[in-house]
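Residue 28 in full-length UniProt numbering is what sits at position 28 of the sequence shown, and the numbering runs on without skipping anything. Below: one structure, written as structure tokens.
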Amino acid sequence: MNIEIASVDSVIIYFGDTITKENSLKVKAAYKILKELNNSALIEIVPSYVSVLLTYDTFKYNYKEIKELLEKELKDIKISSINEESKNIVTIDVYYDKEVGFDLEEVAKKSNLSVDEVIALHSSKLYDVYAIGFLPGFAYLASVDERLKTSRLETPRKKIPKGSVAIADTQTAVYPKDSPGGWNILGRTAFKLFDKSLETLSLITIDSKVKFNPITKEQFLSQGGEL
């Protein structure tokens, strides 16, 4: 673990320099420990792939004091204590079709698979949440089946529709709102990723696992999906 200054009122706690399952579990464990302190001086705690960004009240702590607190609380992180069989499984229904999955056929072609095989592989995994960012509710999920590993688009789209389910390299995600992006689109969901009424702003948190469930066009439209 390495603690570095990020700004006058924040630090970054690093648990490694590569994205691995072990480092991800350390991040999740540290995030849980810090949240459970219920310390009002810890203003914002933001987990990422291999680090946690912590913003703190400079009227309560200086850098030396916050560093000592973190070293004390996080010195004995036990990743085995993280429940890998998380009950917080979020199932997202997805309409997989070239009508909304703009890159579905191209991903199949590049992977030497049929479209049905791409859908089956993408929807068969139980994904871990590695980070949340870019947009509120945008969860970086990993890892997709190696056979689906696909590079980002050379030219990003100016507008990707809300609810688009996409992959890039070994990651997959859902766009919570219309936005630019360079990921490969496989389908679309009516699932509401961003909810400002929730404290976490989304049903998907760093402790979640995500499962994609293929549905028909009719089911997608009946759930409020838009083409």
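Ideal placement from N, C-alpha and C gives every residue a C-beta, glycine not left out. Computed from a predicted structure; not experimentally measured.
Could you tell me if the beta carbon of Ser10 falls within a distance shorter than 8 Å of some heavy atom in the ligand ATP? Ligands displayed in this structure: none; no statement on the ligand ATP is therefore possible.
Please report how far the alpha carbon of Lys149 lies from the alpha carbon of Leu42, in whole angstroms. When rounded, the distance between both Cα atoms is 38 Å.
At 4 residues or longer, what runs of the alpha helix (DSSP H) sit wholly inside the segment 84–149? Counting only runs of 4 or more, we get 104–110, 115–124.
Using 10 angstroms around the beta-carbon of Thr18, count the other beta-carbons present and answer buried if the total reaches 16, otherwise exposed. By the Cβ-count criterion, Thr18 is exposed, with fewer than 16 other Cβ atoms from all chains shown falling within 10 Å of its own Cβ.
Could you tell me the distance, in whole angstroms, from the CA atom of Phe102 to the CA atom of Val90? Cα to Cα, the separation comes out at about 24 Å.
Same chain only: Cβ atoms within 8 Å of Thr205, ignoring 5 sequence neighbours per side: Annotation for Thr205: Asn88, Val129, Ile132 place their beta carbon closer than 8 Å to its own, counting only its chain and skipping 5 residues before and after.
From Val11, Glu226, Asp195, Lys211, residue whose alpha carbon lies closest to that of Ile66: It is Val11.
Does DSSP classify Thr53 as helix, strand or coil? Checking the displayed sequence, the identity of residue 53 turns out to be Leu instead of Thr. Collapsing the DSSP output to three states places Leu53 in a strand.
Buried or exposed: which applies to Arg147, given that a residue is buried once 16 or more other Cβ atoms fall within 10 Å of its Cβ? Exposed.
Could you compute how far the alpha carbon of Gln171 sits from the alpha carbon of Ser51? Going by C-alpha positions, Gln171 is about 18 Å away from Ser51.
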